[in-house]
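Quick note: the sequence shown uses the working numbering, first residue 89, plus one each step.
Glycine is no exception: its CB is placed at the ideal position from the N, C-alpha and C atoms.
If you're wondering where the values come from, they're calculated on a predicted model, not measured in any experiment.
Only one structure is covered here, and it is reproduced in the block below.
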Amino acid sequence: KKKEQAAAEEEEEARRLQAEVVGSASPPLLSVPCRLVRLLSAQPGVLQLHRDAVRFLPDPPCEAEAASVAEDRSSCVEASSVEAARPRCWPLSLLDDVAQRRYLLRRVALELFLASGRSHFLTFEAKETRRRVHARLLSLCPQLQRRGATARWEGRDLLEARHAELVDDWRSWRISNFDYLMQLNTLAGRSYNDLTQYPVVPWVLQDYTSETLDLADPAVYRDLSKPVGALEPERADKFAERYRGLAQEYDPRAGEAAGLPPFHYGSHYSSAGAVLYYLLRLEPFTSEAIRLQGGRFDVADRLFDSIPETWRSCMSNMSDVKELIPEFYTLPDFLRNDAQLPLGTMQAGNALGDAHLPPWAASAEGFVELHRAALESEHVSEHLHLWIDLIFGCKQRGRAAAEALNVFYYLTYEGAVSLDTLGPQQREAVEAQILFFGQTPTQLLSRPHPRRRRREASGPQPQMFSRPDAVRPYAWPPRRLAGG
């Protein structure tokens, strides 16, 4: 209720300031071209900084864009789910934080966090433009200077150098595993606003076939010291062989004839496609998936239908090494087809509806409840630091990544290629690769992440997951595209 009230107050203040700014004859303090990123779209426009507010003015759509919107509105997607470009106004008094971000692996973006919990993702053409906007925002917002907004988001070994208290809170059981993972995702540049950098969380279980689930049994858990692609030994050997073959052919001194830098996996553990695959049954992801398929759903056999089958695919398919998204631990709604979407019929004759659950889950709520309890279990708590090393830490890149079978296609890493030096056609091809096939998060730590202390050594635990039996599912109804 507090967040809803804050959002309503934010909207009211934004409308008031919008009217004042429009009626004022004074020019903005700074005006620069930018794009407002939402999911897979980047709306071009102009960002204006005023003394009391930030405004985003979208460029008028060209004829092709207008026709595309009209087509979307006439398709099977409801008109209410298609977001029209419109001016935005965000009061500076409600700006809670501003983070420097990457977009398409270039350090040219900012994310604005508001007191209501909402955030907005803006990308600029050049890093210098972002620097100017960021500096002016800090000068206009004393609250950001007091909180050290810049220091929290920049620097080598960011987690250890700037956020040691956060690490200690997790190690001492003052925050849950889930909350810690979400904090790491935010620090590493992951954002709900950008599907190409959506937050990533691990598979923690490997038993999706039993009738009951015993969270005290170590055998039900996935090995968190290995990436998904290395969990099944026979497939891991094939990935290792691929890496060795590419390494023998690669000669960085040969210029354009160098060949591809060696990698284990051509796909990624986190990508826009994986997010849309999981969240197909919820807006605004339904509309985004339909738009990518030219106005219709993809073939039914390629859609998300079953958690057990998805796990089996991640254990056997050479092109499927995806991890999970936060909704698997928070939001049962994404597993139900409450909107009665016409998802089609599989070749076996099965009509797609709700996602199929493991036998040990009686309902979507039951799945999320048990899954979240597994994430917060003693076993996962003892081993989660190993997964953090793979995704955010010392085994993300370099020799340690190669030894851990954790190297992905080179274009998923920042610094692998300079987009600014490429010709138009080559740049477009590389941007498409980055946009759809995954981006590795910013590395937060170059040394092994410390393990969590044993619970009994940390004193009283002021958090709900000290009693997994008391956990209740997180209720969040499906939402249409928000207006703000």
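For residue i, three-class secondary structure by DSSP
i       : result
Ala-335 : helix
Pro-132 : strand
Ala-504 : coil
Asp-282 : strand
Cys-122 : strand
Asp-311 : coil
Ala-439 : strand
Asp-477 : helix
Phe-327 : helix
Ala-158 : Because Ala-158 sits at a pLDDT of 47, beneath the cut-off of 50, its placement in the model cannot be relied upon, and the point is left open.
Asp-267 : helix
Tyr-417 : helix
Pro-529 : coil
Leu-275 : helix
Leu-499 : helix
Asp-184 : strand
Arg-567 : Residue placement at Arg-567 is flagged as unreliable, the pLDDT there being 37, under the threshold of 50; a coordinate-derived value is accordingly withheld.
Leu-117 : coil
Leu-472 : helix
Leu-348 : coil
Leu-232 : helix
Leu-202 : strand
Ala-173 : coil
Val-387 : coil
Pro-321 : helix
Leu-423 : helix
Cβ shell of residue i (< 6 Å), same chain only, five flanking positions each side left out
i       : result
Thr-530 : Ala-276, Gly-277
Arg-176 : Phe-144
Trp-399 : Tyr-296
Asp-408 : Ser-401, Cys-402
Ser-313 : Leu-474
Leu-423 : Ala-443, Ala-452
Leu-192 : Glu-519, Ile-522
Phe-212 : Cys-122, Val-196, Arg-218
Asn-494 : Pro-315, Leu-478, Lys-483
Closest by C-alpha distance to residue i, when choosing among the options
i       : options                            : result
Val-316 : Glu-299, Ala-335, Glu-337, Leu-293 : Leu-293
Val-468 : Arg-259, Leu-532, Asn-425, Cys-177 : Arg-259
Asp-267 : Ala-377, Pro-414, Thr-398, Arg-390 : Pro-414
Ala-450 : Pro-420, Pro-538, Arg-139, Arg-390 : Pro-420
Leu-370 : Pro-149, Leu-247, Ala-427, Thr-509 : Ala-427
Tyr-280 : Ala-304, Ser-394, Arg-126          : Arg-126
Leu-507 : Asp-282, Leu-210, Leu-334, Gln-521 : Gln-521
Ser-207 : Ala-173, Pro-230, Val-255, Thr-274 : Thr-274
Arg-123 : His-138, Val-196, Pro-116, Leu-182 : Val-196
Asp-147 : Glu-337, Leu-303, Gly-133, Arg-139 : Gly-133
Ala-214 : Leu-499, Arg-190, Ser-204, Cys-229 : Arg-190
Pro-536 : Trp-475, Glu-516, Gly-526, Glu-544 : Trp-475
Cys-482 : Leu-319, Thr-528, Leu-532          : Leu-532
Thr-528 : Arg-542, Phe-496, Gln-513          : Phe-496
Cut-off 8 Å between Cβ atoms - residues of its own chain near residue i, not counting five sequence neighbours on either side
i       : result
Arg-244 : Ser-534
Glu-299 : Pro-447, Trp-448
Tyr-417 : Phe-266, Val-289, Val-456, His-459, Arg-460, Leu-463
Gly-486 : none
First through last residue of the beta strand (DSSP E) which encompasses residue i
i       : result
Glu-544 : From DSSP, Glu-544 is part of no beta strand (DSSP E); its letter is neither H nor E.
Ser-207 : 207-211
7 Å CB neighbourhood of residue i in its chain, flanking five on each side removed
i       : result
His-222 : Val-186, Gln-188, Leu-198
Gln-510 : For clarity, residue 510 is Leu in the given sequence; the question names Gln instead. Excluding sequence neighbours, Leu-510 sits near Val-518.
Ala-362 : Lys-410
Leu-254 : Gln-271
Leu-246 : Leu-275, Leu-532
Asp-477 : Lys-483, Pro-536, His-537
Glu-166 : Interpretation of Glu-166 is limited by its pLDDT of 38, a score under 50 that renders its predicted location unreliable; no figure is taken from the coordinates.
Limits of the unbroken alpha helix (DSSP H) element including residue i
i       : result
Cys-402 : 395-404
Ile-522 : 512-525
Arg-487 : 486-491
Asn-494 : Premise fails: Asn-494 is in no alpha helix (DSSP H) and is neither H nor E.
Ile-378 : 373-380
Leu-247 : 246-250
Leu-463 : 452-463
Tyr-296 : Per DSSP, Tyr-296 belongs to no alpha helix (DSSP H) and is neither H nor E.
Leu-364 : 360-366
Residue i - partner residues in DSSP beta bridges
i       : result
Ala-197 : Arg-189, Thr-211
Trp-178 : Val-142
Arg-289 : Reading the sequence as shown, one finds Val at residue 289 and not Arg. Answer is Leu-412, bridged to Val-289.
Thr-433 : Ala-439
His-444 : Ser-394
Leu-127 : Asp-282
Tyr-357 : Answer is none; Tyr-357 lacks a bridge partner.
Leu-226 : Paired residue(s): none; Leu-226 is not in a bridge.
Leu-137 : Leu-118, Val-142
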